[in-house]
Amino acid sequence: MNDILKGQLVRLSTVDSDELGKAYSAWKRDSELTRLFDATASALQSVKSSRSFFEKMINEGSPEEYYFTIRLLEDNRLLGDINLDIVNHWMGRNAFVGIGIGDRNDWGKGYGTDAMKIMLRYAFTELNLERVTLTVFEYNPRAIRSYEKVGFQHEGRQRARLLKDGKRWDMLFMGILREDWLALQ
Amino acid sequence: MKDLYREALVRLASEPPEVMAKSFVKWDRDSEFHRLADSDPAQLWSEKKLKEFIDRNSEKNSTQYFSFSIRTLVDDKYIGFVSLRVPAWSHSDAWIGIMVGERDYWGKGYGTDAMRLIVQYGFLELNLRRMSLGLHAYNERALKSYEKAGFTLEGRVRGDGLRDGIRYDSLWLGILREEWEPI
Amino acid sequence: MLSIQSQLFEAQDVRFGPIDHEAHPDIESKWTHDAEFMRLMELAPVRPLSPAMVRKQYESVEKKMEEDKNLFYFTVRARDDDRLIGKAVVEWIDWTNGNGLIRLGIGAETDRRKGYGSQALRMLLRYSFSELNLYRVTAVVPAYNEGALRLFQKFGFMEEVRRRKALHRDGTFWDIVSYGLLNSEWQEQQNNGRG
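Protein chains in written order, with this note's numbering: chain B, 1 to 185; chain Z, 1001 to 1183; chain W, 2001 to 2195.
Rendered as structure tokens:
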């Protein structure tokens, strides 16, 4: 049995609400970041409210939710987080995945793609899911390319789902089935 | 001493919460009524939930909130509701809320009568120095009624509301002690 | 055009009404014992509910409506005798982006295929677009619910997302289809005398 939470550049690790709270408070100052992964309005958060949000998520995190931090293998630095929300346990065992790399200097280096690969392996071999879904905003081409690389297929888009900077954007849905993933291994 | 609760067509009264809740359910069904009276999206609360709201309201700080039901003198019908809310006593100013839920009693002077009564109550019993109220610009019937009751247009908030895809203004009206004539 | 006089909650044969905590739990409890109906409505495992459980659900619905203000729930009644025949909901409203999820169902077999669903949907759309001022609405349907697919298509919804094999039921993997209608598209239908 190998270390399924370890990739080539990063590894998935535990969540320490204190550390994550501090990191998020800093990352959220970058509104480009928040607008990339949050449909709701960008807002600044104090360290305290960030931390209690994560505490709540960890403590209330029902077995439906799998939440990890992403750390660089090289120096164990905290890069971001990734989570899997199982929406259907019994009838189609499928989940929504969400990922974020906090510091813009860490973007475009393959960390997200690597973390997503680890997460899919975890989803299909440890959680025995049938499919994983994600949503991504039209204006986030970097993420879309990363997800395509990992094997997600386009499944459609909700038109004009988002309003940012006075312009309407689509929200794309992408999905990967177990059989899609197996074919790539 | 005047009978503060009686005018020509209506009297101010009090109802048990169950009676109020039943009537509110009936009036809510008329979405035109709701959209004339209220800014919130028209909603159909259950009688149970409405009674909960009413009970909660009556527990509210009663030194700053005075509410009455409106009943007709001729047939003792419960037709609506009027209230005074004092945000801060130091200013001696109050907000009036009024609604006549029974459609058959619209445009016949009942609302204006009730408004005269509540204004009188505010000046003679609560010793306020002014009262305020707001309405949607498209509620022409109410505007005429309030002006007849002695209110003056003080402000217009542009595009305050949106309904049926149309932006409409809110109007703010007021009446001062000095300009009010007792009934 | 501002049309305050035009009633939001009245249609030809049906109307929207509030929850009746006394009378409705028994009726809705019966519907939950009809697995065929429930499997058209629900994506989670269906289970029958007692009237007491339904009553609890109603209470939490009104609590959520009051507190979260992103859910609007209507019962659908027959106009002639006011009996409960279904429900119509707009929920998960994302106000900043102007999107809401719509859901509706006519509970009793004998009340279906009478056009009540269309009337209810028409009112729900007018409410979503003219009273809540949403920019768009979304409807999520399992691919086997042909009645719903036809209804949404009739109202000009566009198929937007198809999540492949997302639902496993009766030994088959079904797609879950997501439909969308924009306020501007609905508005145009009204102007053209359609819908």
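Beta carbons: idealized from backbone N, C-alpha and C, even for Gly.
Among the residues of its own chain, which have a CB less than 8 Å from the CB of B:A160, if the five just before and after it don't count? Here the question's residue 160 of chain B lines up with position 160 in the first sequence. Excluding sequence neighbours, B:A160 sits near R168, W169, D170.
Answer yes or no: do Z:L1173 and Z:L1133 have a C-beta to C-beta separation smaller than 8 Å? As a first step, residue 1173 of chain Z must be located in the second sequence, where it is residue number 173. As a first step, residue 1133 of chain Z must be located in the second sequence, where it is residue number 133. Between Z:L1173 and Z:L1133, the gap from beta carbon to beta carbon is short of 8 Å.
Counting pairs of beta carbons, one from the stretch 63-81 of chain B and one from the stretch 107-116 of chain B, are three or more of them closer than 8 Å? They touch, by the three-pair rule.
Whose C-beta lies closer than 7 Å to the C-beta of W:L2121 among residues of the same chain, with five residues either side of it excluded? Counting from one through the third sequence, the residue named residue 2121 of chain W turns up at place 121. Within its own chain, the residues whose Cβ lies closer than 7 Å to the Cβ of W:L2121, once the five positions on either side in sequence are excluded, are L2104, L2151, F2155, listed in chain order.
Rounded straight-line distance, which links the Cα of W:L2084 to that of W:I2027: For this step, residue 2027 of chain W is matched to residue 27 along the third sequence. For this step, residue 2084 of chain W is matched to residue 84 along the third sequence. In a straight line, the C-alpha of W:I2027 is about 7 Å away from that of W:L2084.
Taking a contact to mean a Cβ-Cβ separation below 8 Å, would you say W:V2090 touches W:G2100 in this structure? The residue given as residue 2090 of chain W occupies position 90 in the third sequence. The residue given as residue 2100 of chain W occupies position 100 in the third sequence. The answer is yes: Cβ separation under 8 Å.
Residues of chain B with a CB under 8 Å from the CB of W:F2173: which are they? For this step, residue 2173 of chain W is matched to residue 173 along the third sequence. Per Cβ cutoff of 8 Å: G92, E130.
Thinking C-beta only, is B:G175 closer than 8 Å to W:V2168? Numbered from 1 along the third sequence, position 168 holds the residue referred to as residue 2168 of chain W. Numbered from 1 along the first sequence, position 175 holds the residue referred to as residue 175 of chain B. The question names Val, yet the displayed sequence has His at residue 2168 of chain W. No.
Just by C-beta distance, which residues in the stretch 2063-2088 of chain W are closer than 9 Å to chain B? The residues in question: there are none.
So what's B:D114 in DSSP terms, helix, strand or just coil? Walking along the first sequence from the start, residue 114 of chain B turns up at place 114. Helix, per DSSP.
What's the C-alpha gap between W:T2096 and B:L163? Taking the first residue of the third sequence as position 1, residue 2096 of chain W is located at position 96. Taking the first residue of the first sequence as position 1, residue 163 of chain B is located at position 163. C-alpha separation (whole angstroms): 8 Å.
Touch check for the stretch 2121-2138 of chain W and the stretch 139-157 of chain B: three-plus C-beta pairs under 8 Å? At 8 Å Cβ cutoff, the stretches do not touch.
Do the stretch 2032-2051 of chain W and the stretch 2064-2073 of chain W meet, that is, are 3 or more Cβ pairs less than 8 Å apart? Verdict: no, contact absent.
Is W:M2123 close to chain Z, meaning its C-beta is less than 8 Å from at least one C-beta of that chain? As a working note, residue 2123 of chain W is residue 123 in the third sequence. No, no contact with chain Z.
Quick one: measure Cβ to Cβ for Z:E1102 and Z:I1079, integer angstroms, because I've assumed they're closer than 8 Å. Start at 1 with the first residue of the second sequence, and residue 1102 of chain Z comes out as number 102. Start at 1 with the first residue of the second sequence, and residue 1079 of chain Z comes out as number 79. Confirmed, Cβ separation roughly 4 Å.
What does DSSP give as the partner residue(s) for Z:S1069 in the beta ladder? Here residue 1069 of chain Z refers to the residue found at position 69 of the second sequence. Beta-bridge pairing links Z:S1069 to Z:A1013, Z:F1081.
Would W:E2131 pass as an interface residue toward chain Z - the criterion being a Cβ-Cβ separation below 8 Å? Residue 2131 of chain W sits at position 131 when you count from the first residue of the third sequence. Interface residue, yes.
Is it a yes or a no for the stretch 2028-2048 of chain W touching the stretch 1018-1033 of chain Z, going by three-plus beta-carbon pairs under 8 Å? Taking 8 Å as the limit for Cβ pairs, the verdict is that the stretch 1018-1033 of chain Z does not touch the stretch 2028-2048 of chain W.
Out of W:D2013, W:L2008, W:R2164, W:W2174, state which residue places its alpha-carbon closest to the alpha-carbon of W:G2117. The residue labelled residue 2117 of chain W in the question sits at position 117 within the third sequence. The residue among W:D2013, W:L2008, W:R2164, W:W2174 with its C-alpha nearest the C-alpha of W:G2117 is W:D2013.
Kindly give me the distance between the Cβ atoms of Z:L1128 and Z:S1092, rounded to whole angstroms, as I take these residues to be in contact under 8 Å. The residue labelled residue 1128 of chain Z in the question sits at position 128 within the second sequence. The residue labelled residue 1092 of chain Z in the question sits at position 92 within the second sequence. Cβ-Cβ separation between Z:L1128 and Z:S1092: approximately 5 Å, consistent with a contact (criterion under 8 Å).
Are Z:I1175 and Z:R1130 closer than 8 Å when you measure CB to CB? Translated into the one-based positions of the second sequence, residue 1175 of chain Z becomes position 175. Translated into the one-based positions of the second sequence, residue 1130 of chain Z becomes position 130. Going by C-beta atoms, Z:I1175 is nearer than 8 Å to Z:R1130.
What does DSSP give as the partner residues of B:W169 in its beta bridges? As a position in the first sequence, residue 169 of chain B is number 169, starting the count at 1. B:W169 is bridged to B:L162.
Can you look up Z:D1076 in the DSSP assignment and give me helix, strand or coil? Residue mapping note: residue 1076 of chain Z aligns to position 76 of the second sequence, counting from 1. Coil at Z:D1076, not helix or strand.
For a cutoff of 8 Å on Cβ pairs, would you count W:V2090 as touching chain B? If you number the third sequence from 1, residue 2090 of chain W lands on position 90. Cβ-Cβ to chain B under 8 Å: no for W:V2090.
Taking Z:L1128 as part of the beta strand (DSSP E), name the residues at either end of that continuous run. Numbered from 1 along the second sequence, position 128 holds the residue referred to as residue 1128 of chain Z. Note, Z:L1128: premise wrong, no beta strand (DSSP E); not H, not E.
Taking only beta-carbon positions, decide if W:S2003 is within less than 8 Å of chain Z. For this step, residue 2003 of chain W is matched to residue 3 along the third sequence. With 8 Å as the cut-off, W:S2003 counts as an interface residue toward chain Z.
Using a Cβ cut-off of 7 Å, pull out every chain W residue sitting near Z:Q1064, in sequence order please. To locate residue 1064 of chain Z, count along the second sequence from 1; it is residue 64. Listed along chain W is no residue with a C-beta nearer than 7 Å to that of Z:Q1064; the closest approach is about 22 Å.
Does the stretch 1060-1078 of chain Z come within contact of the stretch 1009-1021 of chain Z, defined as at least 3 CB pairs closer than 8 Å? At 8 Å Cβ cutoff, the stretches touch.
Quick one: measure Cβ to Cβ for B:E155 and W:V2161, integer angstroms, because I've assumed they're closer than 8 Å. For the purposes of this step, residue 155 of chain B is taken as the residue at position 155 of the first sequence. For the purposes of this step, residue 2161 of chain W is taken as the residue at position 161 of the third sequence. That pair is a contact at about 6 Å.
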